[in-house]
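Comments concern the structure below.
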Amino acid sequence: MTDRTVLPLALTVSVAFLIETLDSTILIAALPTIAQDFGIDPLRVNLAVTIYLVTLAAMIPASSWMADRIGAKRLFLIAIALFMGASVGAAMSQNLGQLVTMRVLQAGAGAMMTPVGRLLLIRHTPQAQLATAIIWMTTPVQIGPVLGPLLGGWIVTYAQWPLIFLVNIPLGLIGLFFAWRVLPADTPQPAGAFDLKGFVLCVVILSVLQIGIDYFVHPLLPAAWMLALWGALPLAAWAYARHIRRTSRPALDLSLFRLRLFRNGLGWGVPARMGINAIPFLLQLQLQLGFGWSAARAGVVVFAIAGGAVLLKPFMVGILARSGFRAGLGWNAFVAAGFAAALGSITANTPPWAILGLVLGFGMARSLQFNMINTIVFADVPKHRQSASTALAGVGQQLSMALGISVAAALVAQVQHLAGAGASAAISIAMFVMAALTVAGGVGYLCCLSPDDGRNISDASRGRTSKGTP
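Okay, so the sequence shown: first residue is 4 according to my numbering, each after it adds one.
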């Protein structure tokens, strides 16, 4: 496969990532308006955000089996079409129950889009071109979460909230067109029986974990019920660990953690991703609640994170080729944490240009970290296990994003409740904690990776860069 075919493939798959990441964050700015239209408390509408993230993570384990069963390209096309249909349904919702139902359908389709798109890219991209392809594919992952609040704020201010879901329609049509034209045709593969028991256990574990953290922000269940769920969590984990020893094709193949680079790339990526993903959310809160900025003004500043990612893109492959994964992932985590801590130290009197500079710097470090994590995870995965690895990596990525935001929100709520701190001080403390989580991920990479890890990818990237290839 040549550069001329890899780039269109990566950009086509990236449309799915943009749709999913944009949809997971654009709703946040519209929650008060939707609550007012439905005549309910805004905290109850947040269920539409939480249920989306939980369902998305819980449904990903089924994606690899379905991709093998009906073909990855066919499933990718079906998932985009279903996502568009659910988006129209969400826009037409007249009450919270209808909205939550449509969000569950959206998340189910989204759980098929991005893991299957990632699988298609990995299957059809030579290892020498993998780093470049993943950089192009994952750019929307960094842009979507910061574009969402900006776009959502503008829509609810100057239009009607149903439009935040209808934005997915033109994006979905673009994705369908290019997926049909660009994605390589594939045939279904022997998939065996679906691991229904393992899938149900995964759903229970992921759902209880997410709902349990959200309980500290806005309790949806009585305390006794929540304690019972927390008590069931280790039992479900034990049952799943026992179950996978007895099945040949589990819903989530944890034996992949025997692969050293997959284990360390994904494992230490959890705290790093949690910390880095929470910063845009906390910064948006700080600027609006802490400093009294308008949603539109705050959204413009937070969107500069995407500007940092774009500025760094031309140099990203070269940085990776020169630093290697160990130094890059380790020390860049410290850089990202430094910018996060600096943003946690800003006040209402900090000059806007200084805030903007910190946001741009954070955006660069954030983009570099995510792209390196997404690449090293697959560096030692054999071809016959790529389907299972994309499912497990997808769960790890999505769960890290959801947990980062949930833990950050819980920290802010609990610091305000227990310490009596104001909103601005509580948000600053949460930012420092998220910076510390990012540092923990960096320390893990420095301790567990060797300088030569991933050289089969970074050396190939170096050679291609020296020849002037993109």
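Every residue, glycine too, gets a C-beta built ideally from N, C-alpha and C.
Spatial neighbours of residue i in its chain, beta-carbon cut-off 6 Å, leaving aside the 5 residues before and after
i	result
G311	L363, G366, M367
R276	S403
L80	A182
M69	L78
C205	P64, A254, L255
L285	A411, I430, A433, M434
L332	M375, Y448
A438	A340, A343, A344
A82	A112, M115, M116
L10	none
R266	F260
Close Cβ partners of residue i (< 8 Å) along its chain, the five nearest in sequence each way excluded
i	result
S469	Low confidence applies to S469: its pLDDT is 40, below 50, so where it sits in the model is not reliable enough to give any reading.
Q389	L122, I125, R126, F381
T58	R106, V107, A110, G111, A114
G201	P64, Y243, H246, I247, T250, P253, A254, L255
I349	Q289, A357, I358, L361
T141	S17, F20, F373, N374, N377
Neighbour-count burial assignment, residue i, 16 or more Cβ in a 10 Å radius
i	result
A254	buried
W183	exposed
F318	exposed
A301	buried
L230	exposed
K76	buried
N352	exposed
C450	exposed
R245	exposed
L421	exposed
A188	exposed
W271	buried
S297	exposed
H387	exposed
Q213	buried
D456	buried
W228	exposed
P274	buried
F180	exposed
G327	buried
G234	exposed
G175	buried
P237	exposed
P283	buried
Beta-carbon proximity list for residue i, same chain, < 7 Å, skipping 5 on both sides
i	result
F306	V149, L150, L153
D198	T250, R252, P253, A254
F435	A344, G347
V304	L290, I358, L359, V362
I43	L99
I279	A339, R369, Q372, T441
L269	V380, A396, G399
A391	S67, D256, L259
L102	A51, A93, S96
Chain B within 7 Å of residue i, Cβ atoms only
i	result
A307	Although the question refers to chain B, the structure presented lacks it and comprises just one protein chain.
Along the chain, which unbroken stretches of the alpha helix (DSSP H) at least 4 residues long are found entirely within the region 13-78? 34-41, 45-48, 50-62, 64-73
Report yes or no: do three or more beta-carbon pairs, one from the region 151-171 and one from the region 28-41, lie closer than 8 Å? yes
With three or more beta-carbon pairs closer than 8 Å as the criterion, would you say the region 78-93 touches the region 402-418? no
Are there three or more Cβ pairs, one per stretch, closer than 8 Å when the region 93-110 is compared with the region 161-179? yes
Is there contact here, the region 433-451 with the region 332-350, by at least three beta-carbon pairs under 8 Å? yes
Report yes or no: do three or more beta-carbon pairs, one from the region 259-266 and one from the region 241-250, lie closer than 8 Å? no
Would you be able to state if there are at least three C-beta pairs under 8 Å between the region 128-141 and the region 55-70? no
Runs of alpha helix (DSSP H) wholly within the region 156-218 (minimum 4 residues, chain order): 166-169, 171-185, 199-217
Does the region 396-415 come close enough to the region 207-220 that 3 or more CB-CB pairs lie under 8 Å? yes
Could you tell me which uninterrupted alpha helix (DSSP H) segments, each at least 4 residues in length, are contained entirely in the region 112-161, listed from first to last along the chain? 133-161
Would you list, in sequence order, the uninterrupted beta strand (DSSP E) runs of no fewer than 3 residues that lie entirely inside the region 301-335? none
Complete runs of the alpha helix (DSSP H) confined to the region 364-439 [at least 4 residues]: 389-422
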